[in-house]
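So the structure is just underneath, and the comments pick up after that.
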RNA sequence: GGUUCCGUAGCUCAGUUGGAUAGAGCAACAGCCUUCUAAGCUGUGGGUCGCGCGUUCGAAUCGCGCCGGGAUCACCA
């Protein structure tokens, strides 16, 4: 890469000019700001103590020598302490024709032997997916694509929370008030049917608590002693005792949940390589804990419960096995981590889980480390922020959740409405039109969510979020569709640049800028992989599309009379198109050929 | 209260290995379709980067203190 060369040559220049040796890493090299002429900028302030000359003189001396020693440098200018290097048009043309045009430009193949395990989604089977899950799923899927583009093998795993007291709650409500309803008999999606009973349980439960409070119990006592919760606990006991009837209902209802989830996953466009079920993993980890107890890493209390004492590390004590020998969530996660490690020998295990579980993962890593598990260092909690609504946090009990299926449907409908209004669906068949509405609607939703830094909380306003102009998915998709239209015209008119475009034509500023944006794709992919942030790709592709639209607006392509110029612009357009498509692929988004 | 994350334009967000005059989009206003898709482009207005002190040639970015907000501190997951 040219940056490396610039740094090396700068070091050489420093040695030659001032007889000082410094490492390339200590030189500040950045992209030149938009308003200033140049491609790369060296900040010379830190070099003044070496040169012992004024910023201007230092910059000029270095610039002169660089220009002499690097044929890629056309010229340079100095503003204050900034040395702005201008690369030759030929350098950029060479990049365009030789690097950027390669189909896999920006992507790395199979650099790493050991896979990365990426856990995401991890739903509960007692209610349908909501907006928070959407962020999780979109992040997880996109990260997998980004990591693959960086040369990793990725195993996408989903740990389904299919057991526990919350599952028993919906089971109980169904037993009491379900009338043997099924998804078929009600026309409800399976997960929604179950969600209905989970909500029903909570309503009835709340009434019981109120009655008990009226009768003089404290709210806490009420919560503990309400008949419904006692019954639910009884079902959990039966389930753990493998009572056939309980198990049978459990399987039946979970089956409905999976049917529903699969539809949601499918529409959202996410998938998994390996499903783990908590009913199969919740007992794991006990061996690890016993082992830890034996070698003194863990402690046992009088009641026989086993704990990790993390107080010396500034945390608290953490229960790992109850007095009766049963597991808690942490025990399960310890076991599952070990299981996955044994199965895949991964280089890294990434968990896409909300930031409300930061403490849990902090403890998980520390306990594993205490148990002598080297891989604890390679556990990476991708802690993403909450999605908030204008009225605040989503609360399932207060009915303020935004349902995933409803939301996607709403996006679809808005996309249809907008598209029809613009008359862009007129020539499409019904199937094609539906596909387009789906692409655009989902594009809007996915981009809206992925463009925000994963770590940050974000606000989702259902009204304002459904936007198709400006910094949005459809804007980028539109730019792509426009390029495809242009290219098909170009093809029809016989504009094939591949064999005939020379690399010595002078570039206009807009042409140059666009090529420079293409150049950034490679480092964007790398940075997104390093920081585990699809937002970096999203912001890049918006910038690329925005810049292209300006190029497209200002310069004629097919109408350009000079043949080589026309070919050049077709070439830039085509590569911009593929780069948009590849970026969108990294985000898990489709692009339409026309819209 | 302990731990931790966050605070940038009216709104939603970029920008932090310390660098030039802090950027986009939305919203508002004004222009551009007899010319490759106007879901587009151009322009105008809009900022004590929560506040203060410090480190530095240079701070939205680093440190300390305060103010405001979120998360968490379960024998739930």
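Residue numbers (our numbering): 92 to 686.
We treat Cβ as the ideally placed atom computed from N, Cα and C, and that holds for glycine.
Close Cβ partners of residue i (< 8 Å) along its chain, the five nearest in sequence each way excluded
{"i": "residue 347", "result": "273, 274, 281, 282, 284 and 285"}
{"i": "residue 310", "result": "300 and 304"}
{"i": "residue 124", "result": "132"}
{"i": "residue 102", "result": "112, 113, 114, 115 and 118"}
{"i": "residue 324", "result": "256 and 259"}
Same chain, Cβ closer than 6 Å to residue i, neighbours up to 5 away in sequence not counted
{"i": "residue 327", "result": "256 and 259"}
{"i": "residue 635", "result": "608"}
{"i": "residue 191", "result": "609 and 666"}
{"i": "residue 642", "result": "601 and 605"}
{"i": "residue 461", "result": "388"}
{"i": "residue 291", "result": "264"}
{"i": "residue 223", "result": "478"}
Residue i to residue j span [Cα, whole Å]
{"i": "residue 442", "j": "residue 470", "result": "8 Å"}
{"i": "residue 561", "j": "residue 416", "result": "57 Å"}
{"i": "residue 119", "j": "residue 623", "result": "24 Å"}
{"i": "residue 217", "j": "residue 261", "result": "6 Å"}
{"i": "residue 565", "j": "residue 664", "result": "18 Å"}
{"i": "residue 391", "j": "residue 397", "result": "4 Å"}
{"i": "residue 150", "j": "residue 166", "result": "13 Å"}
{"i": "residue 656", "j": "residue 648", "result": "8 Å"}
{"i": "residue 581", "j": "residue 182", "result": "26 Å"}
{"i": "residue 58", "j": "residue 477", "result": "With the chain running from 92 to 686 in the structure shown, residue 58 is simply not present."}
{"i": "residue 126", "j": "residue 495", "result": "43 Å"}
{"i": "residue 146", "j": "residue 104", "result": "15 Å"}
{"i": "residue 693", "j": "residue 287", "result": "Here the chain covers residues 92 to 686 and nothing more, so residue 693 does not appear."}
Three-state secondary structure assigned by DSSP to residue i
{"i": "residue 211", "result": "coil"}
{"i": "residue 446", "result": "helix"}
{"i": "residue 671", "result": "helix"}
{"i": "residue 309", "result": "coil"}
{"i": "residue 690", "result": "Only positions 92 to 686 of the chain appear in this structure, which leaves residue 690 out of reach."}
{"i": "residue 525", "result": "helix"}
{"i": "residue 409", "result": "strand"}
{"i": "residue 342", "result": "helix"}
{"i": "residue 224", "result": "helix"}
{"i": "residue 514", "result": "coil"}
{"i": "residue 693", "result": "The structure shown does not extend to residue 693, since the chain is modelled only from 92 through 686, so no value can be given for it."}
{"i": "residue 121", "result": "strand"}
{"i": "residue 509", "result": "helix"}
Unbroken beta strand (DSSP E) run spanning residue i, endpoints
{"i": "residue 472", "result": "470 to 475"}
{"i": "residue 249", "result": "245 to 251"}
{"i": "residue 166", "result": "164 to 170"}
{"i": "residue 368", "result": "365 to 368"}
{"i": "residue 399", "result": "397 to 400"}
Neighbourhood of residue i by C-beta, 7 Å cutoff - its chain only, sequence neighbours within 5 removed
{"i": "residue 507", "result": "528"}
{"i": "residue 180", "result": "597 and 598"}
{"i": "residue 369", "result": "250, 251, 252, 253, 254 and 423"}
{"i": "residue 236", "result": "676, 677 and 679"}
{"i": "residue 228", "result": "211, 212, 359 and 361"}
{"i": "residue 418", "result": "373, 374, 376, 377 and 412"}
{"i": "residue 670", "result": "609, 612 and 635"}
Reference residue i; option with closest CA among the options
{"i": "residue 197", "options": "681, 612 and 657", "result": "612"}
{"i": "residue 372", "options": "127, 110, 134 and 254", "result": "254"}
{"i": "residue 639", "options": "661, 654 and 625", "result": "661"}
{"i": "residue 395", "options": "446, 141, 217 and 410", "result": "410"}
{"i": "residue 173", "options": "130, 229, 435 and 468", "result": "130"}
{"i": "residue 340", "options": "289, 356, 377 and 265", "result": "265"}
{"i": "residue 203", "options": "135, 436 and 401", "result": "436"}
{"i": "residue 536", "options": "412, 557 and 136", "result": "557"}
{"i": "residue 464", "options": "452, 533 and 379", "result": "379"}
{"i": "residue 570", "options": "135, 684 and 148", "result": "684"}
{"i": "residue 466", "options": "543, 277 and 208", "result": "208"}
{"i": "residue 383", "options": "374, 594, 94 and 400", "result": "400"}
{"i": "residue 475", "options": "439, 559 and 625", "result": "625"}
{"i": "residue 631", "options": "589, 650, 549 and 543", "result": "543"}
{"i": "residue 233", "options": "627, 170 and 659", "result": "627"}
{"i": "residue 162", "options": "100, 110, 393 and 313", "result": "100"}
{"i": "residue 201", "options": "168, 276, 242 and 538", "result": "242"}
{"i": "residue 629", "options": "294, 563 and 590", "result": "563"}
{"i": "residue 352", "options": "219, 681, 545 and 523", "result": "219"}
Extent of the continuous alpha helix (DSSP H) to which residue i belongs
{"i": "residue 586", "result": "Careful: residue 586 lies outside any alpha helix (DSSP H) and carries neither H nor E."}
{"i": "residue 133", "result": "Premise fails: residue 133 lies in the beta strand (DSSP E), 131 to 134, not in any alpha helix (DSSP H)."}
{"i": "residue 173", "result": "It is not in any alpha helix (DSSP H) - residue 173 instead sits in the beta strand (DSSP E) that spans 173 to 178."}
{"i": "residue 592", "result": "That residue, residue 592, is in no alpha helix (DSSP H); it is neither H nor E in DSSP."}
{"i": "residue 109", "result": "93 to 109"}
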